Amino acid sequence: MTIMPLLTAGLETVLNSVLYRDRGLKAARQRLAGRSLSLELQGFSHPLILLFSEQQVDVISAWEDQADCRVRTRISTLSKLRDRQQLSALIRSGELEVDGDLQVIQQFSALIDLAEFDPAEYLAPWLGDVAAHGVGAMLKKNLAFIQRDAARKQRYLSEAITEEWRLAPGALEAAWFAEEVDALDRHLTELEVRLNKLEAK
Numbered sequence: 001m002t003i004m005p006l007l008t009a010g011l012e013t014v015l016n017s018v019l020y021r022d023r024g025l026k027a028a029r030q031r032l033a034g035r036s037l038s039l040e041l042q043g044f045s046h047p048l049i050l051l052f053s054e055q056q057v058d059v060i061s062a063w064e065d066q067a068d069c070r071v072r073t074r075i076s077t078l079s080k081l082r083d084r085q086q087l088s089a090l091i092r093s094g095e096l097e098v099d100g101d102l103q104v105i106q107q108f109s110a111l112i113d114l115a116e117f118d119p120a121e122y123l124a125p126w127l128g129d130v131a132a133h134g135v136g137a138m139l140k141k142n143l144a145f146i147q148r149d150a151a152r153k154q155r156y157l158s159e160a161i162t163e164e165w166r167l168a169p170g171a172l173e174a175a176w177f178a179e180e181v182d183a184l185d186r187h188l189t190e191l192e193v194r195l196n197k198l199e200a201k
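Quick note on numbering: UniProt numbering labels position 85 of the sequence shown as 85, and the sequence is numbered without any gaps.
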């Protein structure tokens, strides 16, 4: 048994609860109604195809028709889609390859950007408002701590690799080396021109 049916069912449930629960997002959802988006993620053998309607989004892994918009990217890039201002930068940098109707991915990005994911809202029916708010605040605080800690460890590792262990050059050393290579290339070109002039005589 493959994991794709489980993944598509889980993603469909999450997207429907986050994007289709809030009535304030109705206008943004209507712009996507009847459209399809294919997400081809590196490392996955099948694409994730999102079929939008006014009531829900269906997520499938196999579809006969061609999607209105096809996006190829990495899993790590998906979180950047929440900021619709970054969309054109992601496309220009090559992190996001888009084929088909660009408006579909733009409208999907806008819908995700407008949606608010508040864990307290989903926990309130089971825990009560006060307890859900406390758990939500604790989750946000812990997530912020984990992100700061991961960034700090990444910085430490980068400094250790370049400064302590000398496994990789630092930014200034790499820039100096590139300038030296360019200068050497210019000198070789000048030398070649001079040799060609001497041979012509």
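All residues carry an ideal CB built from backbone N, CA and C; glycine is no exception. Here the structure is a predicted model, which is why all the values come from computation and not from measurement.
### Query
Do you know offhand how far Leu41's Cα is from Asp113's?
Position 41 of the sequence shown holds residue 41. Position 113 of the sequence shown holds residue 113. Rounded to whole angstroms, Leu41 to Asp113 spans 20 Å at the Cα level.
### Query
Just the Cα atoms here: how many angstroms apart are Leu198 and Leu191?
Start at 1 with the first residue of the sequence shown, and residue 198 comes out as number 198. Start at 1 with the first residue of the sequence shown, and residue 191 comes out as number 191. So the two alpha carbons sit approximately 11 Å from each other.
### Query
Cα-Cα, which of Glu97, Glu64, Gly43 is closest to Ile75?
Stepping through the sequence shown from its first residue, residue 75 is reached at position 75. Looking at the Cα atoms, Gly43 is the closest of the given residues.
### Query
Exposed or buried, what is Arg29 when buried is set at 16 or more other beta-carbons lying within 10 Å of its beta-carbon?
The sequence position of residue 29 within the sequence shown is 29, counting from 1. Classification of Arg29: buried, given that the 10 Å Cβ count is 16 or more.
#### Entry: Option nearest Arg23 by Cα separation, candidates Ala9, Ala67, Gln55, Arg152
Numbered from its first residue, the sequence shown carries residue 23 at position 23. Considering only alpha carbons, the answer is Gln55.
### Query
Are there 16 or more other CB atoms within 10 angstroms of the CB of Thr2, so buried, or fewer, so exposed?
What you label residue 2 is simply residue 2 of the sequence shown in a count that begins at 1. With fewer than 16 Cβ atoms within 10 Å of its Cβ, Thr2 is classed as exposed.
#### Entry: Contact set for Glu163: own chain, Cβ-Cβ below 8 Å, skip 5 residues either direction
Here residue 163 refers to the residue found at position 163 when the sequence shown is read from its first residue. The residues are Gly170.
### Query
Taking the beta strand (DSSP E) that Glu159 falls in, what are its first and last residues?
Here the question's residue 159 lines up with position 159 in the sequence shown. Per DSSP, Glu159 belongs to no beta strand (DSSP E); it is in the alpha helix (DSSP H), 129-159.
#### Entry: Rounded C-alpha distance that separates Gly100 from Gln66
Within the sequence shown, residue 100 is the residue found at index 100, counting from 1. Within the sequence shown, residue 66 is the residue found at index 66, counting from 1. Whole-angstrom Cα-Cα distance: 10 Å.
#### Entry: Runs of alpha helix (DSSP H) lying entirely within the UniProt domain "SCP2" (15-113), each at least 4 residues, in chain order
26-32, 75-78, 87-93
### Message
I want to know whether the region 79-93 touches the region 109-129 - three or more CB-CB distances under 8 Å.
### Response
yes
### Query
Buried or exposed: Thr73, going by 16 or more other Cβ atoms within 10 Å of its Cβ?
By one-based count along the sequence shown, residue 73 stands at place 73. With 16 or more Cβ atoms within 10 Å of its Cβ, Thr73 is classed as buried.
### Message
Considering Cα atoms alone, identify which of Phe177, Ser45, Glu95, Ala200 is closest to Thr77.
### Response
Counted from its first residue, the sequence shown places residue 77 at position 77. Comparing Cα positions, the closest option is Glu95.
### Straight-line gap, Val104 to Arg35 (C-alpha atoms, nearest Å)
Working through the sequence shown from its first residue, we reach residue 104 at position 104. Working through the sequence shown from its first residue, we reach residue 35 at position 35. Computed Cα separation, rounded: 7 Å.
### Backbone secondary structure at Met1 - three-state DSSP
Residue numbering aside, residue 1 sits at position 1 when the sequence shown is read from its first letter. Low local confidence applies: a pLDDT of 47 at Met1 is under 50, so the model's placement there is unreliable, with the coordinate-based value given in what follows. Here Met1 sits in coil by DSSP.
### Message
Can you look up Ala200 in the DSSP assignment and give me helix, strand or coil?
### Response
Your numbering for residue 200 matches position 200 in the sequence shown. Helix, per DSSP.
### Message
Taking its Cβ as the centre, do 16 or more other Cβ atoms sit within 10 Å of Phe108, making it buried, or is it exposed?
### Response
Residue numbering aside, residue 108 sits at position 108 when the sequence shown is read from its first letter. With 16 or more Cβ atoms within 10 Å of its Cβ, Phe108 is classed as buried.
### Query
Where Trp176 and Leu195 are concerned, what is the direct C-alpha to C-alpha distance, given to the nearest angstrom?
The count along the sequence shown starts at 1 and reaches residue 176 at position 176. The count along the sequence shown starts at 1 and reaches residue 195 at position 195. Trp176 and Leu195: Cα-Cα distance of roughly 28 Å.
### Task
Could you say which of Val71, Gly134, Val57, Thr13 lies nearest to residue 241 if we only look at CA atoms?
Residue 241 lies beyond the range of the chain shown here (1 to 201); nothing can be said about it.
### Query
In whole angstroms, what separates the C-alpha of Leu167 from that of Tyr122?
Residue 167 sits at position 167 when you count from the first residue of the sequence shown. Residue 122 sits at position 122 when you count from the first residue of the sequence shown. Cα-Cα distance, rounded: 47 Å.
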